[in-house]
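Take 1 as the starting number for the sequence shown in full-length UniProt numbering and just add one per residue.
The next block holds one structure in the form of structure tokens; read it before the comments.
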Amino acid sequence: MSPRRSVAEALGTRFAILDRSVGIASVEGLERLTIGRLATELGMSKSGVLGHFGAKEALQLAVLERAGEVFRAEVWEPVVRIEPGMPRLRALCEAWISYLERGVFPGGCFFVAAAHEFDGRAGAVRDAVEARFDTWRARLLKETRRAVAAGDLPGGTDADQLVFELTGLVMSLNHALQLHGDRQAVEWARRGVRARLGIIS
């Protein structure tokens, strides 16, 4: 076996472990990830799984990173070439709602679930979850402030307040879909976003 093929196979195995881990953690939580379970489900030895991560916390952090890559591909990358400010803010909100509507993760928003699981704890996993939310909030704030500067939102708009409310709408949608299976909430979320952004439709 060539070194190049060996590296490619190792990366393929790592991705397979991470993708299965994301699926489990999305529904059952990061704490339910165990080396033994993953080994059984993937037809591997425990040492084979452990060799890719070294410890459970390292696996959890890698799963968060992988979930972040999926979120970026679904929500950020489709809008990155859209004009900054209001056009991009609108597109970001729509992509965010669509990500939940389409059930990209089987358990709803991966990071909302992780936040509920770890927000009362200390440690590297909790810090990584918080950092994801901080990064996303910063993106929304940046586009909101650009929209204000361009005159697409009223000059007195409190960007922090608006982002808080937009986040609340989407988090409420996640709750409605996951707990109640309420598909009507998707349209309510869209209406709420349009109303807060002053969009007449």
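Note that beta-carbon positions come from the ideal geometry of N, C-alpha and C, so glycine has one too.
query: When Leu50, Asp119, Thr157 are compared against Glu130, the one with the closest alpha-carbon; result: Asp119
query: Glu41 (DSSP reduced to helix, strand or coil); result: helix
query: Alpha carbon of Ile97 to alpha carbon of Gly168, nearest angstrom; result: 12 Å
query: Cβ shell of Arg183 (< 6 Å), same chain only, five flanking positions each side left out; result: none
query: CB-CB length for Gly108 against Gln60, believed under 8 Å; result: Not really, about 18 Å apart at Cβ, beyond 8 Å.
query: Among Ala16, Val27, Asp19, nearest to residue 231 - alpha-carbon criterion; result: With the chain covering only 1 through 201, there is no way to say anything about residue 231.
query: Of the listed residues Arg126, Glu65, Val79, nearest to Cys93 (C-alpha basis); result: Val79
query: Nearest-angstrom Cα separation, counted from Arg132 out to Thr40; result: 30 Å
query: Close-in-space but distant-in-sequence residues of the same chain around Met1 (CB under 7 Å, 5 per side omitted); result: Unreliable positioning characterises Met1 in this predicted model, as indicated by a pLDDT of 49, which lies under 50. The coordinate reading is nonetheless provided below. Excluding residues within five positions, none has a Cβ falling inside 7 Å.
query: Counted within 10 angstroms of its Cβ, other Cβ atoms place Leu30 as buried (16 or more) or exposed; result: buried
query: Range of the contiguous alpha helix (DSSP H) that encloses Cys93; result: 86-101
query: Which of helix, strand or coil DSSP assigns to Val163; result: helix
query: Same chain, Cβ closer than 8 Å to Arg126, five either side skipped, listed in chain order; result: Phe118, Asp119
query: Where Gly12 falls: helix, strand or coil (DSSP); result: helix
query: Expected contact under 8 Å - CB spacing of Val104 and Glu74 to nearest Å; result: 5 Å
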